[in-house]
Amino acid sequence: MSTSASPFHVAIVGGGPAGLMAAEVLSAAGLGVTVYDAMPSVGRKFLLAGVGGMNITHSEPHAAFVARYREREAEITAWLADFDADRLRDWVHGLGVETFVGSSGKVFPREMKAAPLLRAWLTRLREAGVQFRVRHRWLGWTDQGALRFATPQGELETSHDAVLLALGGGSWKKLGSDGSWLPLLAERGVAVRALLPANCGFDCHWSAHFADKFAGQPLKSVALEFTDLAGHTVRKTGECVVSSYGVEGNLVYAFSAPIRDSLLANGSATVYLDLLPQKSAEQVAAEVMHPRGSRSLSSHLQSRLNLKGVRAGLLRECLSKEAFNDMASLAAGIKRLPLTMHATRPIDEAISTAGGVCFEALAPGLMLQAMPGVFCAGEMLDWEAPTGGYLLTACLASGRAAAQGMLNWLGHRDKW
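Written as structure tokens, this is what we have:
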């Protein structure tokens with residue numbers, strides 16, 4: 001595609017990372033690009049995700065990185081061939097934002113904020129000629145194939161040579177990702193899967209006493225073990241938080257996909273917590289069995305193992321009275337405490353979603369088979385990933401892949 005003035009003008013519906021990255025590629029190729037977004041400004045979820053420290057990507061080796069995408073590893077590996085974690089960092093540096101690798105391997109902007117990066121990016125896009133139309137909520141298509149938008153001035157209809165849909169998933173509705181696009185595509189013959197929460201918390205049916213006393217308490221340096229529906233057992237150490245309804249936090253999010261799948265299949269799912277992963281089972285048993293004299297059991301556990309607060313509360317909450325008062329069962333529970341989860345939290349509370357446009361509905365270049373000239377990118381496709389920079393990296397890479405697909409199609413659309 002020539003970088004000179006192009007006869008083509010394309011629409012990008014959705015001003016998140018995938019849509020903005022596609023706009024960058026397409027405008028660099030000389031196309032006229034208009035980005036439409038329902039919100040008063042673009043990149044709102046991107047900004048909110050960076051409030052606590054903008055996690056851009058992850059520095060782990062490529063094989064481990066792509067394995068995070070589970071069933072869609074092959075497809076997303078293809079996107080990352082053009083824009084992997086290293087190239088993403090180079091791209092960020094090109095915007096004048098320095099990065100560093102944290103102790104966990106996560107990559108952050110030097111200032112730990114998303115706003116400077118987004119400002120620099122939008123400035124570059126505007127200088128490249130990208131047009132932005134905010135407060136334009138996409139309503140679907142007219143019978144003639146034009147895009148329909150609800151705007152403050154009333155409904156707008158507009159036609160383009162090609163369209164990229166980058167509308168996000170179904171979480172964080174207040175920021176614009178509400179999943180309302182799914183039935184619009186389904187009625188056009190596009191294969192879609194219902195949206196499901198990903199990177200989410202879970203309900204645990206706490207007793208009122210436990211919830212009142214410990215809601216909001218962190219569980220630091222614990223290990224979580226879970227066996228998925230295929231029989232694979234995984235154990236990780238990290239942190240999570242006890243909430244009034246159950247558990248949430250990074251350690252839980254890392255297991256959210258297999259836990260959710262087990263809940264859907266079986267109605268509940270049981271994970272196992274190691275409350276003292278730094279101590280062996282033998283060490284814990286020896287301390288629990290140590291004579292305690294006149295001390296209460298609670299005082300004994302605190303004295304010998306520093307088990308107190310929310311950890312001690314979890315033991316009483318999750319073990320039967322008989323198991324709690326049997327020293328062998330208690331020691332085993334400290335190292336492998338069963339915690340049953342009964343439901344995911346509502347989708348709007350989730351960090352991200354699974355489900356969406358099926359990969360089987362896509363032609364090469366992320367174009368919809370049922371709708372030539374309409375492309376999809378980002379979280380609205382049916383893939384998921386844990387937190388840690390993997391979501392953002394794949395969204396950006398998918399935007400580049402869809403833009404390249406659009407360029408290829410525009411150059412050869414006479415063959416379709």
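Read in UniProt numbering, the sequence shown has 269 at position 269, and its numbers run on one by one without any break.
Yeah, the Cβ is synthetic: ideal placement off N, Cα and C, and Gly gets one too.
Since this is a predicted model, take the numbers as computed values, not measurements.
Put simply, the segment 239-253 does not touch the segment 292-308. Fewer than three CB pairs are less than 8 Å apart. In the DSSP assignment, Asp274 falls within the beta strand (DSSP E) that extends over Ala269 to Asp274.
Rounded to the nearest whole angstrom, the C-alpha separation of Arg135 and Arg148 is 13 Å.
According to the DSSP secondary-structure assignment, Leu368 is paired through a beta bridge with Leu362. The three-state reading of DSSP puts Arg137 in strand, counting E and B together. Contact check for Ile56 and Leu392: beta-carbon distance about 6 Å, within the 8 Å limit, so the pair qualifies. Secondary structure of Glu384 (DSSP, three-state): coil. When C-alpha distances from Leu125 are compared across Asp178, Ala230 and Thr34, the shortest belongs to Thr34.
In this chain, the alpha helix (DSSP H) harbouring Lys45 covers Arg44 to Ala49.
Taken through DSSP and simplified to helix, strand or coil, Leu297 comes out as helix.
Arg193 and Gly238 have their alpha carbons spaced roughly 32 Å apart.
Taking 4 residues as the shortest admissible run, the segment 67-95 contains the following complete alpha helix (DSSP H) segments, listed from N- to C-terminal end: 73-80 and 85-94. With fewer than 16 other Cβ atoms inside 10 Å of its own Cβ, Ala265 counts as exposed. In the three-state DSSP reduction, Ile351 falls in the coil class, being neither helix nor strand.
Under the rule that a run must span 3 or more residues, the beta strand (DSSP E) segments found entirely inside the segment 133-215 read 137-141, 147-151, 154-158, 162-165 and 192-198. For Trp121, the closest C-alpha among the options Gln144, Phe108, Gly94 and Lys106 is that of Gly94. Under the three-state reduction of DSSP output, Pro218 falls in the strand class. Inter-segment contact for the segment 396-404 and the segment 9-29 is present: three or more beta-carbon pairs are separated by less than 8 Å. By the Cβ criterion, the segment 253-271 is in contact with the segment 331-350, since at least three pairs of Cβ atoms, one from each stretch, lie closer than 8 Å. Two segments are said to touch when three or more pairs of C-beta atoms, one from each, lie closer than 8 Å; by this definition the segment 326-342 touches the segment 276-291. Residue pairing of Thr34 in beta bridges, as defined by DSSP: Ala11 and Gln131. The continuous alpha helix (DSSP H) containing Gly19 extends over residues Pro17 to Ala28.
Thr270 has its alpha-carbon roughly 10 Å from the corresponding atom of Asp228. According to DSSP, residue pairing for Met341 in a beta bridge involves Ala269. Beta-bridge annotation (DSSP): Cys395 is not paired with any residue.
For the options His209, Arg70 and Ile12, the alpha carbon positioned closest to that of His232 is the one of Arg70. For the pair His160 and Gly105, the CB atoms are not nearer than the 9 Å cut-off. Assigned with DSSP and collapsed to three states, Val97 falls in coil, not helix or strand. Under the three-pair Cβ rule at 8 Å, the segment 159-178 does not count as touching the segment 310-323. The closest CA to that of Tyr253, considering only Leu263, Gly201, Trp206 and Glu225, is found on Gly201. Scanning its chain for C-beta atoms nearer than 6 Å, with the 5 sequence neighbours on each side dropped, one finds around Phe132 the residues Val35, in chain order. When secondary structure is reduced to three states using DSSP, Phe108 falls in the strand class. Assigned with DSSP and collapsed to three states, Arg336 falls in coil, not helix or strand. Under the criterion of beta carbons closer than 8 Å, Gly309 and Leu319 do not qualify as touching, at roughly 16 Å.
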